[in-house]
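A quick write-up on the structure given underneath.
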Amino acid sequence: VQLQASGGGLVQPGGSLRLSCAASGIIFSINSMGWYRRAPGKQRELVAAIGSAGGTNYADSVKGRFTISRDNAKNTVYLQMNSLKPGDTAVYYCTSWESGGRITWGQGTLVTVSS
């Protein structure tokens, strides 16, 4: 599996961004997909994840503001981020959890929330 993330950028506080992650390769092996982030000086944090049946979970810090979704026809997962805060500034990484315990990481995409 290969993952290609896109959609990061600079946004003002209160603004929105949508991240996309397109999967290619052995797609049928993917069970769940999600997004991690690493902010400067902080540990990596799981932001959101979505299972093959559509079940989702979120970090407490983003509940009510972020929405993860997937388009199985396009093999793509999205992270809609609303009401962004400076604390959301981080490099966001797309991840897939696959059969056999394999984990694949996409390249990071930088999200900067600043006025």
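Heads up: the sequence shown at position 26 corresponds to 21 in our numbering, and the numbers run straight through without jumps.
Here a beta-carbon is modelled for each residue, glycine too, at the ideal position from N, C-alpha and C.
Quiz item: Any idea if Asp83 is buried or exposed, counting beta-carbon neighbours within 10 angstroms, 16 or more meaning buried?
Solution: Residue numbering aside, residue 83 sits at position 88 when the sequence shown is read from its first letter. That one is buried.
Quiz prompt | Arg32, buried or exposed, once every other Cβ within 10 Å from all chains shown has been counted against 16 | solution = Position 37 of the sequence shown holds residue 32. Burial check for Arg32: the Cβ neighbour count within 10 Å reaches 16 or more, so the residue is buried.
Quiz item: Near Gly2, what residues of its chain come up, given a Cβ to Cβ distance below 7 angstroms and the 5 sequence neighbours on each side ignored?
Solution: Along the sequence shown, read from residue 1 onward, the residue named residue 2 stands at position 7. The beta carbon of Gly2 is closer than 7 angstroms to those of Leu12, Arg13, Leu14, Ser15 and Thr104 in its chain, skipping five residues each way along the sequence.
Self-check item: Own chain partners of Gln7 with C-beta closer than 6 angstroms, once the 5 adjacent residues on each side are dropped
Solution: On the sequence shown, residue 7 is found 12 positions in, with the first residue counted as 1. Closer than 6 angstroms at the Cβ level, and outside the excluded window around Gln7, lie Ser110.
Self-check item: Assigned exposure category for Ala43 - 16 Cβ within 10 Å defines buried
Solution: Here residue 43 corresponds to residue number 48 of the sequence shown, with the count starting at 1. Ala43 counts as buried, since no fewer than 16 other beta carbons sit within 10 angstroms of its beta carbon.
Practice problem: Give me whichever residues DSSP pairs with Thr62 in a beta bridge. | Solution: On the sequence shown, position 67 is the one that residue 62 refers to. According to DSSP, Thr62 bridges with Gln75.
Quiz item: Contact between the stretch 17 to 34 and the stretch 78 to 94: three or more CB pairs below 8 angstroms?
Solution: As far as the Cβ criterion goes, the stretch 17 to 34 touches the stretch 78 to 94, which means the pair count is three or higher.
Quiz prompt | Three-state secondary structure (DSSP) of Ile22 | solution = Along the sequence shown, read from residue 1 onward, the residue named residue 22 stands at position 27. In the structure shown, Ile22 sits in a helix (DSSP, three-state: H, G or I).
Quiz item: By how many angstroms is the C-alpha of Arg60 removed from the C-alpha of Ala85?
Solution: Locating residue 85 in the sequence shown gives position 90, counting from the first residue. Locating residue 60 in the sequence shown gives position 65, counting from the first residue. C-alpha separation (whole angstroms): 16 angstroms.
Quiz item: Straight-line CA distance for Lys58 to Thr99?
Solution: Taking the first residue of the sequence shown as position 1, residue 58 is located at position 63. Taking the first residue of the sequence shown as position 1, residue 99 is located at position 104. Between Lys58 and Thr99, the C-alpha separation is close to 25 angstroms.
Quiz item: Quick one: does the C-beta of Gly9 sit closer than 8 angstroms to a heavy atom of the ligand SAM?
Solution: The ligand SAM is not part of the structure shown, which contains no ligands of any sort.
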